[in-house]
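Novice: For the sequence shown, the UniProt record's numbering begins at 1 and goes up steadily by one. Note that the Cβ used here is the ideal one computed from N, Cα and C, for glycine as well.
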Amino acid sequence: MHQVLLNNTLTLSFEPLGKKVRLIISEDDAELACRKETIKNLKHFLTEDETKIFKGRLQLNKQGDIIEVLLKNKPIAVVSSIDFEQILNKL
1 MHQVLLNNTL TLSFEPLGKK VRLIISEDDA ELACRKETIK NLKHFLTEDE
51 TKIFKGRLQL NKQGDIIEVL LKNKPIAVVS SIDFEQILNK L
């Protein structure tokens, strides 16, 4: 499992599930939101310049090289698309 520290308390984790990935936002040991998606769809998301993926508690918005992570429709952090892509390539 690969992780990205979003802020002092929140973490975005990538858990491989065969051809899919489970993205998890957690605070300490508690899961706040998760989403299962194929690696192919996530890589396609990275190729777009401005796009959104997911509906519900966990959402990702991409603008240029920045991915904004939203939890319950509130921005909680930004992640570089390069870092995001490097994690996907390791899965």
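Once you ignore the five residues that flank Phe14 on each side, which residues in its own chain have a CB closer than 7 Å to its CB?
Specialist: To locate residue 14, count along the sequence shown from 1; it is residue 14. Hits under 7 Å: Met1, His2, Val21, Leu23, Ile87 and Leu91.
Novice: Taking the alpha-carbon positions, what's the Leu6 to Ile66 distance?
Specialist: In the sequence shown, residue 6 corresponds to position 6, counting from 1. In the sequence shown, residue 66 corresponds to position 66, counting from 1. Cα to Cα, the separation comes out at about 13 Å.
Novice: Excluding the 5 residues preceding and the 5 following Arg35 in the sequence, name in chain order all residues of the same chain whose CB lies nearer than 6 Å to its CB.
Specialist: By 1-based counting over the sequence shown, the position of residue 35 is 35. Cβ within range, chain order: Leu23, Phe54 and Leu58.
Novice: Taking DSSP's pairing of strands, which residues face Gln86 in a bridge?
Specialist: As a position in the sequence shown, residue 86 is number 86, starting the count at 1. Gln86 is not bridged to any residue.
Novice: Taking the alpha helix (DSSP H) that Phe54 belongs to, which residues open and close that run?
Specialist: Taking the first residue of the sequence shown as position 1, residue 54 is located at position 54. Counting along the chain, Phe54 falls outside any alpha helix (DSSP H), and DSSP gives it neither H nor E.
Novice: Hey, could you find the ends of the beta strand (DSSP E) Lys20 is sitting in?
Specialist: The residue labelled residue 20 in the question sits at position 20 within the sequence shown. Unbroken beta strand (DSSP E) run through Lys20: Lys20 to Glu27.
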